[in-house]
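Participant: One structure, pasted below without further comment.
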Amino acid sequence: MSETIRNIMRLFPLGIVVVTTKWSDNLVGMTVNTFNSLSLNPPLVMFTADKTKGNDVPFIESNGFIVNFVDDEKIFNTFAFKPIKERFKEAKFFEGLDGIPVLADSYAYMEVKKYKTIDIGDHTIVVGEVINGKVVRDNFSPLVYYNRNYWKLCR
5 MSETIRNIMR LFPLGIVVVT TKWSDNLVGM TVNTFNSLSL NPPLVMFTAD KTKGNDVPFI
65 ESNGFIVNFV DDEKIFNTFA FKPIKERFKE AKFFEGLDGI PVLADSYAYM EVKKYKTIDI
125 GDHTIVVGEV INGKVVRDNF SPLVYYNRNY WKLCR
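Residue numbering for the sequence shown follows the working numbering, starting at 5 and increasing by one per position.
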């Protein structure tokens, strides 16, 4: 059944972001396609992290995270496929909330305080309250993930 679900979900375009945090003095970041707004009052957002790969642990144990809205496929690939310790070697960033890295190439970002984590199936749902957000530039072409590829939306 899991392969059937994967095949069907590949037909559904998904927005993608890079979430970052600071965990035990380490910078952590990963590409996610499960980010979504959850509530406006209070202002909550969420994403899921794979427990089977340990991707959830830094977000469970840290106090917050940054949601980076990026339109560069290279950045998404870096945070999806490079080894964890290499992901910030080439990335340009500045410190946001609690020293958490904000990717400098983001066209927008949200600073988020962890609100709750929910252990469910093979993933952890990470819910956070948006403390601050900023649109950095308005000349961007967002990427979506569809059928195992990135696609740029035209503006």
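Cβ coordinates follow ideal geometry from the N, Cα and C atoms, glycine included. What you are looking at is a predicted structure, and each value in this text was computed from that prediction instead of being measured.
How do the region 34 to 46 and the region 14 to 21 stand: do at least 3 beta-carbon pairs fall below 8 Å, yes or no?
Facilitator: Taking 8 Å as the limit for Cβ pairs, the verdict is that the region 14 to 21 does touch the region 34 to 46.
Participant: If you reduce the DSSP assignment to three classes, tell me which class Met5 lands in.
Facilitator: Within the sequence shown, the letter at position 1 stands for residue 5. Note: Met5 maps to coil in three-state DSSP.
Participant: Compare the beta carbon distance of Ser2 and Asp75 with 8 Å and say whether it is the shorter of the two.
Facilitator: The shown model of the chain, from 5 to 159, leaves out residue 2, and the question about it has no answer.
Participant: Is Asp102 helix, strand or coil by DSSP?
Facilitator: Position 98 of the sequence shown, counted from the start, is the residue given in the question as residue 102. Looking at Asp102 - three-state DSSP - the assignment turns out to be helix.
Participant: Can you find the residues in the same chain that come closer than 7 Å, C-beta to C-beta, to Asn59, ignoring five residues on each side of it along the sequence?
Facilitator: Residue numbering aside, residue 59 sits at position 55 when the sequence shown is read from its first letter. Result list for Asn59: Met34, Ala53, in chain order.
Participant: Taking Cβ to Cβ, would you say Thr25 is nearer than 8 Å to Gly68?
Facilitator: For the purposes of this step, residue 25 is identified with residue 21 of the sequence shown, where counting begins at 1. For the purposes of this step, residue 68 is identified with residue 64 of the sequence shown, where counting begins at 1. It is a contact, given that the beta carbons lie within the stated cut-off.
Participant: Looking at the secondary structure, which residues open and close the beta strand (DSSP E) in which Glu133 lies?
Facilitator: In the sequence shown, the residue the question calls residue 133 occupies position 129. Glu133 -> beta strand (DSSP E) spans 127 to 139.
Participant: For a test of the three-state rule: what should DSSP assign to Thr35, helix, strand or coil?
Facilitator: Here residue 35 corresponds to residue number 31 of the sequence shown, with the count starting at 1. Here Thr35 sits in strand by DSSP.
Participant: For the region 119 to 130 against the region 95 to 109, do three or more pairs of beta-carbon atoms, one drawn from each stretch, fall closer than 8 Å, so that the two count as touching?
Facilitator: No: fewer than three Cβ pairs fall under 8 Å.
Participant: Whole angstroms are fine: how far does the CA of Val116 sit from the CA of Ile70?
Facilitator: As a position in the sequence shown, residue 70 is number 66, starting the count at 1. As a position in the sequence shown, residue 116 is number 112, starting the count at 1. Each residue's alpha carbon lies about 6 Å from the other.
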